[in-house]
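In the working numbering, the protein residues as written are 1209 to 1349. By construction, the Cβ of each residue, glycine as well, lies at the ideal position given by its N, Cα and C atoms.
The following block contains the structure:
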């Protein structure tokens, strides 16, 4: 058995997952849509799992989109549907600052992590704020 160990620097987590993890620890070709890259790599699409999904407006088994990953694991730790939430708030006349705040999942956090890949699956658990331990993203590889 081999172990692949990756150090993920603060602010780089979503790039790591979008470029490598979601395509089975391979390397996602530049400008290739996520679904297409997963299909080429023979990796099934990511599915949302966990107890806290209803709080986020997500359903178990629902496909994880690239935009949702970017929002959740990107630089600001936003709600998976932050773009929609912010657009709705702006349409209702709220300020841009309030709209952005509405799409956030608590305070901004800086995360540095290590990913150990052993064989068939890596599970990443969301561990910030009120959703601690409630949502998991599973990438099979």
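Smallest Cα separation from residue i: which of the options?
i	options	result
residue 1261	1270, 1226 and 1254	1270
Can you round the beta-carbon distance between residue i and residue j to whole angstroms, since I take them to be within the 8 Å contact cut?
i	j	result
residue 1225	residue 1264	Residue 1225 to residue 1264, Cβ: 18 Å. No contact.
residue 1416	residue 1267	Limits of the chain in this structure are 1209 at one end and 1349 at the other, which puts residue 1416 out of reach.
residue 1298	residue 1307	5 Å
Grouping DSSP H, G and I as helix and E and B as strand, with all else coil, what is residue i?
i	result
residue 1217	coil
residue 1238	coil
residue 1227	helix
residue 1292	helix
residue 1275	helix
residue 1297	helix
residue 1259	coil
residue 1222	helix
residue 1335	Only weak support exists for where residue 1335 lies, its pLDDT of 49 falling under 50; the coordinates are left without a value.
Short of 6 Å in beta carbon distance, which residues of its chain neighbour residue i, apart from the five on each side in sequence? Order them along the chain.
i	result
residue 1227	1236
residue 1245	1231 and 1236
residue 1251	1231 and 1232
So, for residue i: in the same chain, excluding its five sequence neighbours on each side, which residues have a beta-carbon less than 8 Å away from its beta-carbon?
i	result
residue 1302	1310
- Are the region 1232-1244 and the region 1287-1297 in contact at 8 Å, needing three or more beta carbon pairs? no
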